[in-house]
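Just so we're aligned, residue 58 is where the sequence shown starts under this note's numbering, counting upward by one.
We treat Cβ as the ideally placed atom computed from N, Cα and C, and that holds for glycine.
Predicted, not measured: the structure shown is a model, and the values here were computed from it.
Structure, as structure tokens:
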Amino acid sequence: MTDVMLPPDQLLMDGLAIRSYDVGDGAAHAEAVTASYDHLKEYMEWAKPRQGVAESELLCRRFRAQYLLRQDFVLGVFDRRAASLVGGTGFHLRGRPLATQYAEVGMWIHAQHAGCGLGTRVLVALLRWGFTEWPWERIEWRCDEDNAASVRVAEKAGMPLEARLRNDATPTGRRRNTLIYAAQRSEWSPGTRLAGPLP
């Protein structure tokens, strides 16, 4: 199945489009990241106080190339009415072959839209999408134990907590306790909490 898997390009849901970044998305990406720097910097190590448009445009094009090559599946969360970027997410392989049918969901939300349930809506939608139109057998959500908002999103989406990695290290070497939440295709069905109505 994964040998011929063509990744879906977008998911449309109540006022939002969750889709692959494309050429021309750099300005929206730069604005969202720069405006959200203070909100993101504690847990998103890639965040910068001033994200340039050209830098973001190159990044969006790289995301698109990786998407088409099935190397990583980075997604933007766009407000369809305002045509603005309100967050980012994706299905990440984290170095594993696509054939393992494993993905880790990552997410960030624009500061102006934080704390209003958007993250939970997006995660619930990604779980449903991931188990119906993608090949994933297992979807993980990893977060810093101290990131209360991220913990809350996983719990509200109904993902079981599977592990706590003590004194774990981020890619840049920062130490933290990492919580691992996970959902399995074998445990998912349209009637489960994971597939319940979007908040």
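Residues that residue i bridges to, as DSSP identifies them
| i | result |
| --- | --- |
| His149 | Glu161 |
| Gln169 | For Gln169, which the question treats as bridged, DSSP gives no partner whatsoever. |
| Gly144 | Val134, Ile166 |
| Arg185 | Note: Arg185 sits in no beta bridge, so no partner. |
| Asp203 | For Asp203, which the question treats as bridged, DSSP gives no partner whatsoever. |
| Trp193 | In the DSSP output, where bridge partners are listed per residue, Trp193 has none listed. |
| Trp198 | Tyr238 |
Inter-residue Cα distance where the pair is residue i and residue j
| i | j | result |
| --- | --- | --- |
| Glu99 | Ser93 | 11 Å |
| Gly230 | Asn224 | 11 Å |
| Ala240 | Ala156 | 18 Å |
| Gly72 | Asp136 | 6 Å |
| Arg118 | Met101 | 21 Å |
| Tyr78 | Thr235 | 28 Å |
Cβ distance (whole Å) where residue i is taken to contact residue j below 8 Å
| i | j | result |
| --- | --- | --- |
| Arg127 | Met62 | 7 Å |
| Gly133 | His149 | Actually they do not touch by this definition, with Cβ atoms about 14 Å apart. |
| Gln158 | Trp193 | 6 Å |
| Arg221 | Glu161 | In fact, because the Cβ distance is near 16 Å, the residues do not count as touching under 8 Å. |
| Val131 | His167 | The Cβ separation is near 16 Å, so there is no contact. |
Exposure of residue i, with buried meaning 16 or more beta-carbon neighbours within 10 Å
| i | result |
| --- | --- |
| Leu218 | exposed |
| Glu197 | buried |
| Ser246 | exposed |
| Gly81 | exposed |
| Leu180 | buried |
| Thr178 | A small fix is needed here, since residue 178 is Arg in this sequence, not Thr. Looking at its Cβ environment, which holds 16 or more other Cβ atoms inside 10 Å, Arg178 is buried. |
| Ala87 | buried |
| Trp165 | buried |
Complete runs of the beta strand (DSSP E) confined to the segment 58-142 [at least 3 residues]: Counting only runs of 3 or more, we get 67-70, 73-77, 130-136.
Those runs of the beta strand (DSSP E) which lie wholly inside the segment 208-242 and span at least 3 residues: If we require 3 residues or more, the beta strand (DSSP E) runs fully inside the segment 208-242 come out as 218-226, 232-241.
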